[in-house]
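Residues in the sequence shown are numbered consecutively from 24, following the numbering used here.
Step one of this worksheet: look at the structure below.
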Amino acid sequence: MKASVSRAPKLLSHALERGRAFSSTISQAITTSKNSTSEPPDLSGSVTIPSHVRSPAFSGGCGDVWLGIWKNLDGKQIDVAVRELRSRDLKYNVLEKFRREVERWKNLQHPNIVRLLGAVTQLGPYGLIGMVSPWMQNGNLNDYLPKAQLSLRERFELLSDVSNALAYLHDQGIIHGNLTGTNILIDGEGVARLIGCGFSAADAEIEGAAQAGAAMRWRAPELLPTMDADLYTFVPTFTSACDIYSFGNVTLQACTLRKFTVP
């Protein structure tokens with residue numbers, strides 16, 4: 024027991040050094056991305072986590088989402104969402120995944136897709152590393168539908184927003200791979216906007232393989248593991264047809280105002 028206690032300071036120091044090294048590497052990734060085009064900027068230092076925020080506003084398969092405050096170049100303070108980079112699984116090349124997500128997301132320009140504002144490192148007391156996007160005041164579709172009391176026409180307008188975003192992604196050769204009610208966000212004007220795991224089916228595979236049941240309600244049958252499959256090694260094959268199937272399930276949810284269950 025004494026030996027373990029005596030080793031604690033060294034282990035802590037080692038962990039802190041690894042954290043600083045990782046943060047430095049991520050900073051280089053942001054700089055590299057920033058130099059390739061004018062977007063997205065490194066927002067480190069201009070984004071803060073409010074002192075009263077002690078936990079993520081939302082946790083999902085793509086990572087934890089925190090409420091932050093961005094002080095832009097005009098000095099205006101704006102609520103933003105900071106999606107924390109999921110770095111706990113060392114099985115994957117986190118840096119490469121981060122670069123891939125930033126490069127893909129920053130090039131998506133559509134009114135029904137959440138815009139990437141920038142990236143941050145060492146944010147707040149938890150040293151968060153992640154990507155920054157506008158805060159969607161009305162949350163996600165799952166939370167919005169039960170309380171908004173929308174007419175059927177208004178619900179179809181939301182579905183039209185989603186279908187327009189999905190068509191845009193497919194025209195860009197991108198498969199969303201994880202279309203669910205939690206990845207459809209509603210802004211302050213009631214417009215639906217898509218967000219995803221870097222808008223990459225490959226990333227959805229990584230994030231979702233060990234959590235295959237999380238989005239089961241919306242997923243195409245061919246993406247689900249069989250009863251005897253190993254959930255940690257199962258790798259589904261995503262196609263645009265899988266997105267269409269998921270969109271059909273989202274449509275059913277919007278029309279019935281129910282989250283249907285999987286038989």
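We put the beta carbon where it would ideally sit given N, CA and C, even for glycine.
Do residue i and residue j have their C-beta atoms closer together than 8 Å?
i, j, result
"M154", "A142", "yes"
"L151", "E107", "yes"
"I101", "N163", "no"
"V341", "P64", "With the chain covering only 24 through 286, there is no way to say anything about residue 341."
"A277", "R178", "yes"
"V10", "A80", "The requested residue 10 is not part of the displayed model; the chain covers only 24 to 286."
"L168", "L280", "yes"
"I218", "V137", "yes"
"V76", "L90", "yes"
"F261", "G200", "yes"
"W128", "L139", "yes"
Can you give me the C-alpha to C-alpha distance between residue i and residue j, rounded to a whole angstrom?
i, j, result
"T144", "A171", "36 Å"
"R240", "V185", "18 Å"
"L189", "L146", "32 Å"
"P259", "L202", "15 Å"
"D166", "I92", "23 Å"
"A237", "K94", "Its pLDDT being 49, under 50, A237 is placed unreliably by the model, and the measurement read from it follows with that caveat. For A237 and K94, the distance between alpha carbons rounds to 35 Å."
"T274", "N187", "14 Å"
"S263", "H193", "7 Å"
"G98", "G211", "22 Å"
"I197", "N161", "26 Å"
"F270", "F257", "23 Å"
"G213", "L173", "10 Å"
"P148", "G68", "13 Å"
"E124", "R242", "22 Å"
"A215", "E126", "23 Å"
"H133", "S183", "14 Å"
"I209", "N135", "10 Å"
"A252", "E245", "13 Å"
"G204", "I267", "14 Å"
"Y255", "T249", "13 Å"
"Q195", "E119", "21 Å"
"N130", "L96", "22 Å"
"C265", "Y191", "16 Å"
What first and last residue would you give for the alpha helix (DSSP H) that runs through residue i?
i, result
"E107", "Unbroken run through E107 is the beta strand (DSSP E), 100-107; no alpha helix (DSSP H)."
"R176", "175-194"
"D166", "164-171"
With H, G and I counted as helix, E and B as strand and the rest as coil, what does DSSP make of residue i?
i, result
"F257", "coil"
"I136", "strand"
"S156", "strand"
"I267", "helix"
"W89", "strand"
"R122", "helix"
"A23", "Only positions 24 to 286 of the chain appear in this structure, which leaves residue 23 out of reach."
"L131", "coil"
"A277", "helix"
"L246", "helix"
Mind checking which residues open and close the beta strand (DSSP E) that includes residue i?
i, result
"I72", "Neither: I72 is in no beta strand (DSSP E) and is coded neither H nor E."
"L208", "207-209"
"L217", "215-217"
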